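For what it's worth, this note's numbering labels the leading residue of the sequence shown as 157, then goes sequentially.
Here is the structure we will look at.
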Amino acid sequence: MKNLILIIRVMAATVLLVGWAGTSVAQETLVIGQVGDAITLDPHANNGIVEASMASNIFDPMIILDKDMAVQPGIAVSWEAKDPVTWHFGIRKGVKFHDGTPLTAEDVKFSIDRILGWKSFGAMGGIKAYITPISSVRVIDQHTVEVKTVKPWGPILSTLRVVFIASKAHVEKVTKEKGVEAVSLNPMGSGAYKLIEWVPGDHLTMEANQNWWGGKPAIKTITFRQISNYATRVAALLSGEIHIATGLPVRDVKRVESNSATKVTVLDGMRTVNYKFDTTRDVTPGVPDIPNPFKKRKVRMAMNHAINSEAIIKIVMNGFARPATQLAGDKHLGWNPTRERLP
């Protein structure tokens, strides 16, 4: 208990709103209103939520996590641990990038190596932190790669969901001719959708990749619109201007539910809200001349006990949250079903 870092965990719900303007429109196009815009379409440069929602349509990942967060084949269709630090991955055959060139093990090695060797610039810090246990990648044949880790790494499969596979030839050509920054403006993946137009700060439009290995996408065109104002985004949904609104304020749920043209779907979120204590320093910065109280277990437990989580859930979150027993939610790798919530 010495290193307890949590007082309260509130599991926020994800609220998805769908308001179809008409059946025929829904089959052809989908317009999504979201809080912000991506800062990059380079899948190896940043792993923000908005970036991932867009990149996951343009690029295919090594591993897919389904709606229950279970590991499913992506570009990797098979995997085998040869020893505690050596994995062999079979690469899906017949996959082509949007320019028609085949995706091979060379592209997989290139993508992982690029992430591990990323040199930060501006806000593009890369995603190396996710896969630092990987020490090397070797191409065995056109459809097999060997991945070695510095030590046994249990979460390797679920973590490879962040590794989107980019075209080695395309990225190297764009980087050489225009610089690494230009890769963001010229994304070349093998995903279900291809970029048509991106006007940063306004909208991004994609069209269906009719040759996608996963089958022809049901919706032909998707447009992501940046509508940062919550009220404006909800109004656009209710008017039929957009079909999905993300980041719905909990206070607006009843209003949207009461509209005959819209539907609210509530899903368990992956986000936990928590306090973390400074349990390492003897003196807390900004509070001089007294010992750090949070080094005492009973002080941390008292604060945990004092916070009325039920009131937060009922009043602040309008019921769209639930108490969490630990930092990880039950959809996260590492969640412990035997852990009980502190009183």
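Cβ atoms here follow ideal geometry from the backbone N, Cα and C, with glycine treated the same way.
Just so it is clear, the structure is predicted and the values come from calculations on it, not from any experiment.
Grab the span of the alpha helix (DSSP H) containing residue i for me, first residue to last.
i: R427; result: No alpha helix (DSSP H) contains R427, which is instead part of the beta strand (DSSP E) from K419 to V429.
i: E353; result: First-last for E353: Y349 to V355, but that is the beta strand (DSSP E), not the alpha helix (DSSP H).
i: H461; result: R453 to A462
i: M210; result: I205 to I214
i: K329; result: K324 to K334
i: S314; result: I312 to T315
i: K410; result: V409 to E413
i: R505; result: With the chain covering only 157 through 499, there is no way to say anything about residue 505.
i: V318; result: Counting along the chain, V318 falls outside any alpha helix (DSSP H), and DSSP gives it neither H nor E.
i: V339; result: Unbroken run through V339: none, as it is neither H nor E.
i: P393; result: Looking at the sequence shown, residue 393 is not Pro but Leu. First-last of the alpha helix (DSSP H) with L393: Y386 to L394.
Please tell me whether residue i and residue j are closer than 8 Å, where the distance is taken between their beta carbons.
i: T379; j: T361; result: yes
i: A261; j: I271; result: no
i: A194; j: M280; result: no
i: P217; j: G204; result: no
i: P373; j: A364; result: yes
i: V409; j: N474; result: yes
i: L186; j: I352; result: no
i: R381; j: I188; result: yes
i: G256; j: W369; result: no
i: S267; j: F320; result: yes
i: F476; j: V406; result: yes
i: A322; j: D263; result: yes
i: T196; j: E207; result: yes
i: A392; j: I398; result: yes
i: V306; j: S291; result: yes
Just grab the DSSP bridge partners of residue i for me.
i: E262; result: Partner(s): none; E262 has no beta bridge.
i: I290; result: T305
i: T377; result: T185 and E363
i: D239; result: T242
i: P229; result: I219
i: F450; result: The partner list for F450 (beta bridge, DSSP) is empty, contrary to what the question assumes.
i: I247; result: A232
What is the residue span of the beta strand (DSSP E) that residue i lies within?
i: M362; result: H359 to A364
With DSSP run on the structure shown, which of helix, strand or coil describes residue i?
i: K252; result: strand
i: R478; result: strand
i: A401; result: strand
i: I220; result: strand
i: M280; result: strand
i: S234; result: strand
i: D438; result: coil
i: T300; result: strand
i: A295; result: According to the sequence as given, residue 295 is Val; it is not Ala. V295: strand per DSSP, three-state reduction.
i: S180; result: With a pLDDT of only 45 at S180, under 50, the local geometry of the prediction cannot be trusted, and the value read off the model is given with reservation. Here S180 sits in helix by DSSP.
i: A484; result: coil
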